[in-house]
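S.K.: Mind looking over this structure? Questions follow.
Protein chains: 2
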Amino acid sequence: MRECSLTLTSDPHSKTRSTARRETEQRILDAAEQVFAEFGFRGATMGQIAARADLPKANLHYYFDTKLTLYRLVVERIFRIWLQAADTFDDCDEPREALSRYIRAKMDISRRFPNGSKVWANEILQQAPVIQDYLETTLEDWTNSRIEVLNRWISEGRIRAIDGRTLLYMIWATTQHYADFNHQIHTLNKGDMLSDAQFDLAKETVVSIILQGVGIAPEPMGEAS
Amino acid sequence: MRECSLTLTSDPHSKTRSTARRETEQRILDAAEQVFAEFGFRGATMGQIAARADLPKANLHYYFDTKLTLYRLVVERIFRIWLQAADTFDDCDEPREALSRYIRAKMDISRRFPNGSKVWANEILQQAPVIQDYLETTLEDWTNSRIEVLNRWISEGRIRAIDGRTLLYMIWATTQHYADFNHQIHTLNKGDMLSDAQFDLAKETVVSIILQGVGIAPEPMGEAS
DNA sequence: TATCATCTTGACCGTCTGGTCAAGGGTTTC
DNA sequence: GAAACCCTTGACCAGACGGTCAAGATGATA
Numbered sequence: 104m105r106e107c108s109l110t111l112t113s114d115p116h117s118k119t120r121s122t123a124r125r126e127t128e129q130r131i132l133d134a135a136e137q138v139f140a141e142f143g144f145r146g147a148t149m150g151q152i153a154a155r156a157d158l159p160k161a162n163l164h165y166y167f168d169t170k171l172t173l174y175r176l177v178v179e180r181i182f183r184i185w186l187q188a189a190d191t192f193d194d195c196d197e198p199r200e201a202l203s204r205y206i207r208a209k210m211d212i213s214r215r216f217p218n219g220s221k222v223w224a225n226e227i228l229q230q231a232p233v234i235q236d237y238l239e240t241t242l243e244d245w246t247n248s249r250i251e252v253l254n255r256w257i258s259e260g261r262i263r264a265i266d267g268r269t270l271l272y273m274i275w276a277t278t279q280h281y282a283d284f285n286h287q288i289h290t291l292n293k294g295d296m297l298s299d300a301q302f303d304l305a306k307e308t309v310v311s312i313i314l315q316g317v318g319i320a321p322e323p324m325g326e327a328s
Numbered sequence: 104m105r106e107c108s109l110t111l112t113s114d115p116h117s118k119t120r121s122t123a124r125r126e127t128e129q130r131i132l133d134a135a136e137q138v139f140a141e142f143g144f145r146g147a148t149m150g151q152i153a154a155r156a157d158l159p160k161a162n163l164h165y166y167f168d169t170k171l172t173l174y175r176l177v178v179e180r181i182f183r184i185w186l187q188a189a190d191t192f193d194d195c196d197e198p199r200e201a202l203s204r205y206i207r208a209k210m211d212i213s214r215r216f217p218n219g220s221k222v223w224a225n226e227i228l229q230q231a232p233v234i235q236d237y238l239e240t241t242l243e244d245w246t247n248s249r250i251e252v253l254n255r256w257i258s259e260g261r262i263r264a265i266d267g268r269t270l271l272y273m274i275w276a277t278t279q280h281y282a283d284f285n286h287q288i289h290t291l292n293k294g295d296m297l298s299d300a301q302f303d304l305a306k307e308t309v310v311s312i313i314l315q316g317v318g319i320a321p322e323p324m325g326e327a328s
C-alpha cells in the first residue's frame, strides 16, 4: 500500500529485460523448490509449481524446458549451500571450535532453507536418481577426509575415542531433522513455528550434547559465536 | 530349481482360502510399503505396487478398494511398531538403562523396518495429511510425558541439565537416519549394506555419545543387552 | 457332478499429467 | 512506424493415472 522501494513480486515491466527474466526464473525456482520439497520429483506436478509461482503452466516450459531440468537446477542450489556449511568445519583444526561451528552452521541452514534439505531428503528416499554421482564423489571425499581429522583428534587425545562416521551421521541427522521434520516439530510446539529463543535453545543443546558426548568440556562462557 | 520346503512366494492354492487371502493381502501391503516409502503417496502408482507384488493391478482393487485405503493400512502398521519402541523407554526409570534401551530399540527398528520409517518421513514432508491427528494426540502426549521424566531426572541430578525435547529429537533424528537415509549410508559404505559389525558399532557409538552427552558415565562392561 | 461363492484378469473409462504450439501482446531497435 | 525479437498464454495432444467391470477360472460344498 505505502511506497516501498523493494517488493517481493516487483513489476517485471519496470526493470530491464534481463533483470525481469532473472526474477521470473527465480520465482519459478522458488515455487519448484517448495513443491519438490513436499512431494518429491514424481509427486510434484508442473501445474502445482505454476500455481505457486502464479504463472500459466506453459510459461514454465518457456524458461525451463522440462520438469527434470527444473528439478536439477533446484538440486544444484542445495549443493552450493551444503558445501558452504562444510567449509565451516574445514576452516578450523580445534575440535570444540570446528564441531560447534559446523553444528551451528547446519542448524542455521536448516532454519533458513528447510526446503532445500527436504528436496535432498526426498532424493535419498528415492535412491538419489539425480545426485548419486555427487554422493560418490564430492560427499564421499569430504566425509572420508573429515573422518581422518576426527581420528587424528582421537589419537591426539583431544576427543574421546568414538566412531567418527557415526558422529558425522548424528550431526547430519539431527541438524537436518529441524528442516525435514519441521512440520512434526511445529505440531509438537502447539502448531507454532519455533521462536528464535526456542531455536537457539535447540541449537545450543545439540552443540552441548555432542561436545560433551565426544568428551569435550562445555564451552567457556561468552565464547559462542 | 532344487526342492525347497519354503519359498518366499508360496503357492496360495495349497492353503485354505482365508490363509491364502491373508498372504496375498500381506504381499500387497509389503509391496505398497516399499513403493510408498520411495515415492510418497502422490508419487507412488498402483501399477508400480502391482508390479512389485507380481499381481495384475485390478487384483489390488479387489483386496483394497482405493490407493488411500492401502496407504492408511500401511501407515497403521508403522504406528504399532513405533509404539512398541516407545514401551522400551516407558518400562524403566533408570536413565542409563531407559535411554540405551530406547536408542537400541529404535536403531533395531530402523534396520528391520526401514520402509516404515521412510513412509513416516514422507508423511511429515507432505505435512502429515493422514497422521496429523495422531501427531496431535498420541505422539504429543507421549513426548510431553517423556520430557517430564527427563526433567525429573535432571532435578534429581541423575542427568545433566539439557533440554529434554531436543534430546528426544536428537534420538529420533539419529536412529531414523539409519532407515530414511540408508541409501546415502550404503553409498558412503562403498555401495554395500552395513554389516552386523558395522551396524553394532554405529548403534553403540550413538548410545555412547548420547549417554556421555547427558552426563552419564559410559556403561560398565558386559551390561549391554 | 452340479452349484455356488471366491478370486483373477484383460479391457476399458474419465481424468490428470508433462509437454507442444501457434497466435498474439510488448518492447526494443533502427 | 515498422520490423525484429522476446515473452505470454489458452488450447491442445499423447500417454499415464486411479478405478471399474464383466467374463471367466478356481475352489468349496453337497
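Going line by line, the protein sequences match chains S and P.
With this note's numbering as the guide, the letters of the first sequence map in order to residues 104 to 328.
With this note's numbering as the guide, the letters of the second sequence map in order to residues 104 to 328.
All C-beta atoms, glycine included, are put in the ideal place defined by N, C-alpha and C.
Is there at least one Cβ from chain S nearer than 7 angstroms to R215 of chain P's Cβ?
M.R.: Here residue 215 of chain P refers to the residue found at position 112 when the second sequence is read from its first residue. Output row for R215 of chain P: interface = no.
S.K.: Short of 9 angstroms Cβ to Cβ, which residues in the region 142-164 of chain S face chain P?
M.R.: F142, G143, F144, R145, G146, A147 and T148
S.K.: At the 7 angstroms Cβ level, is G316 of chain S part of the contact set with chain P, yes or no?
M.R.: Taking the first sequence and counting its residues from 1, one reaches residue 316 of chain S at position 213. With 7 angstroms as the cut-off, G316 of chain S counts as an interface residue toward chain P.
S.K.: So, is the C-beta of T169 of chain P closer than 7 angstroms to a C-beta in chain S?
M.R.: Locating residue 169 of chain P in the second sequence gives position 66, counting from the first residue. Cβ-Cβ to chain S under 7 angstroms: no for T169 of chain P.
S.K.: Quick check on F216 of chain P: does DSSP put it in helix, strand or coil?
M.R.: Locating residue 216 of chain P in the second sequence gives position 113, where the first residue counts as 1. It is coil, neither helix nor strand.
S.K.: Considering only their Cβ atoms, is the gap separating F284 of chain P from R145 of chain S smaller than 7 angstroms?
M.R.: Residue numbering aside, residue 145 of chain S sits at position 42 when the first sequence is read from its first letter. Residue numbering aside, residue 284 of chain P sits at position 181 when the second sequence is read from its first letter. Cβ distance not < 7 angstroms, so R145 of chain S and F284 of chain P don't count as in contact.
S.K.: Compute the Euclidean distance between the alpha carbons of K306 of chain P and D211 of chain P, then round it to the nearest angstrom.
M.R.: For this step, residue 306 of chain P is matched to residue 203 along the second sequence. For this step, residue 211 of chain P is matched to residue 108 along the second sequence. Taking the straight line joining both Cα atoms gives about 9 angstroms.
S.K.: Counting only beta-carbon atoms, is T127 of chain S nearer than 7 angstroms to chain P?
M.R.: The sequence position of residue 127 of chain S within the first sequence is 24, counting from 1. With 7 angstroms as the cut-off, T127 of chain S does not count as an interface residue toward chain P.
S.K.: For the region 230-257 of chain S, which residues have a CB atom closer than 9 angstroms to at least one CB atom of chain P, in sequence order?
M.R.: Q230, A231, Q235, L238, E239, L242, E243, T246 and N247
S.K.: Would A156 of chain P and R130 of chain P qualify as a contact pair, given that the criterion is a beta-carbon distance under 7 angstroms?
M.R.: Stepping through the second sequence from its first residue, residue 156 of chain P is reached at position 53. Stepping through the second sequence from its first residue, residue 130 of chain P is reached at position 27. It is a contact, given that the beta carbons lie within the stated cut-off.
S.K.: Determine the chain S residues that contact L304 of chain P at a beta-carbon separation under 8 angstroms, and present them in chain order.
M.R.: Position 201 of the second sequence, counted from the first residue, corresponds to residue 304 of chain P. Within 8 angstroms Cβ-Cβ: D266 and T269.
S.K.: By Cβ distance, which residues of its chain are closer than 8 angstroms to Q229 of chain S, with the 5 residues on each side in sequence left out?
M.R.: Here residue 229 of chain S refers to the residue found at position 126 when the first sequence is read from its first residue. G143, F144 and R145.
S.K.: Against chain S, with Cβ distances strictly below 7 angstroms, would M329 of chain P count as a contact?
M.R.: The requested residue 329 of chain P does not occur in the structure, where chain P is confined to residues 104 to 328.
S.K.: Is the Cβ-Cβ distance between R263 of chain S and G318 of chain S less than 7 angstroms?
M.R.: Against the first sequence, residue 263 of chain S aligns to sequence position 160. Against the first sequence, residue 318 of chain S aligns to sequence position 215. Yes.
S.K.: Taking only beta-carbon atoms, is T277 of chain P less than 7 angstroms away from chain S?
M.R.: Position 174 of the second sequence holds residue 277 of chain P. Yes - at least one Cβ of chain S is within 7 angstroms of the one on T277 of chain P.
S.K.: Provide the residue span of the alpha helix (DSSP H) that contains R183 of chain S, from first to last.
M.R.: Position 80 of the first sequence, counted from the start, is the residue given in the question as residue 183 of chain S. Here the alpha helix (DSSP H) through R183 of chain S covers K170 to D193.
S.K.: Using a Cβ-based criterion (distance less than 6 angstroms to any ligand heavy atom), does I234 of chain S qualify as near the ligand PLP?
M.R.: What this structure holds is no ligand at all, so the ligand PLP is not there to describe.
S.K.: Below 7 angstroms between beta carbons: does that hold for Y272 of chain P and H280 of chain S?
M.R.: Reading the second sequence from its first residue, position 169 is the one you call residue 272 of chain P. Reading the first sequence from its first residue, position 177 is the one you call residue 280 of chain S. Cβ distance < 7 angstroms, so Y272 of chain P and H280 of chain S count as in contact.
S.K.: Any beta carbon of chain S sitting closer than 7 angstroms to that of Q287 of chain P?
M.R.: On the second sequence, position 184 is the one that residue 287 of chain P refers to. Chain S, which has a Cβ nearer than 7 angstroms to the Cβ of Q287 of chain P, makes this yes.
S.K.: Less than 7 angstroms between C-beta atoms, sequence neighbours within five positions excluded: which residues of the same chain meet that for V222 of chain S?
M.R.: Along the first sequence, read from residue 1 onward, the residue named residue 222 of chain S stands at position 119. Correct list, in chain order: E136, F139, A140, V177, V178 and I181.
S.K.: Select from the region 217-229 of chain P all residues with a C-beta closer than 8 angstroms to any C-beta belonging to chain S, and list them in chain order.
M.R.: K221, A224, N225, I227, L228 and Q229
S.K.: Should F284 of chain P be flagged as near chain S, meaning a C-beta pair shorter than 7 angstroms?
M.R.: In the second sequence, counting from the first residue as 1, residue 284 of chain P sits at position 181. Chain S, which has a Cβ nearer than 7 angstroms to the Cβ of F284 of chain P, makes this yes.
S.K.: Just confirm the distance between the C-beta atoms of R261 of chain P and F192 of chain P, as a whole number of angstroms; I'd bet it's less than 8 angstroms.
M.R.: As a first step, residue 261 of chain P must be located in the second sequence, where it is residue number 158. As a first step, residue 192 of chain P must be located in the second sequence, where it is residue number 89. Incorrect: roughly 15 angstroms between the Cβ atoms, too far for contact.
S.K.: Give every residue of the same chain whose Cβ lies closer than 8 angstroms to the Cβ of Q349 of chain S, excluding the five residues on either side of it in the sequence, and list them in chain order.
M.R.: Nothing in the structure corresponds to residue 349 of chain S, since chain S is present only between 104 and 328.
S.K.: Using the Cβ count rule (16 or more neighbours within 10 Å means buried), how would you classify G294 of chain P?
M.R.: Residue mapping note: residue 294 of chain P aligns to position 191 of the second sequence, counting from 1. Exposed, since its Cβ has fewer than 16 Cβ neighbours within 10 Å.
S.K.: Determine the extent of the alpha helix (DSSP H) in which R249 of chain S is found, giving its start and end residues.
M.R.: Mapped onto the first sequence, residue 249 of chain S falls at position 146. Here the alpha helix (DSSP H) through R249 of chain S covers E243 to S258.
S.K.: Starting from A320 of chain P, trace the alpha helix (DSSP H) in both directions and tell me its first and last residue.
M.R.: Here residue 320 of chain P corresponds to residue number 217 of the second sequence, with the count starting at 1. Run containing A320 of chain P: none; DSSP gives neither H nor E here.
S.K.: If we count the other Cβ atoms within 10 Å of its Cβ and call it buried at 16 or more, is R204 of chain P buried or exposed?
M.R.: Reading the second sequence from its first residue, position 101 is the one you call residue 204 of chain P. Buried: at least 16 other Cβ atoms inside 10 Å.
S.K.: If you draw a straight line from the alpha carbon of R215 of chain S to that of E126 of chain S, how long is it in whole angstroms?
M.R.: The residue you call residue 215 of chain S lines up with position 112 of the first sequence. The residue you call residue 126 of chain S lines up with position 23 of the first sequence. If you take the alpha carbons of R215 of chain S and E126 of chain S, they lie about 20 angstroms apart.
S.K.: If you draw a straight line from the C-alpha of I227 of chain S to the C-alpha of N292 of chain P, how long is it?
M.R.: As a first step, residue 227 of chain S is located in the first sequence; it is residue number 124 there, counting from the start. As a first step, residue 292 of chain P is located in the second sequence; it is residue number 189 there, counting from the start. Spanning the two alpha carbons is a distance of roughly 15 angstroms.
S.K.: Closer than 6 angstroms by C-beta to A153 of chain P: which residues in its own chain qualify, once you throw out the five before and the five after it? Chain order, please.
M.R.: Translated into the one-based positions of the second sequence, residue 153 of chain P becomes position 50. Hits under 6 angstroms: K160 and L163.
S.K.: Is the shortest distance between the beta-carbon of R180 of chain S and the beta-carbons of chain P less than 7 angstroms?
M.R.: By one-based count along the first sequence, residue 180 of chain S stands at place 77. It does not: the Cβ of R180 of chain S has no partner Cβ on chain P nearer than 7 angstroms.
S.K.: Residues in its own chain within less than 6 angstroms of F167 of chain S by CB, not counting five upstream and five downstream?
M.R.: Taking the first residue of the first sequence as position 1, residue 167 of chain S is located at position 64. Cβ within range, chain order: L173.
S.K.: Does I312 of chain P have its Cβ less than 7 angstroms from a Cβ in chain S?
M.R.: Position 209 of the second sequence holds residue 312 of chain P. Yes, I312 of chain P lies at the interface with chain S (some Cβ there is under 7 angstroms from its Cβ).
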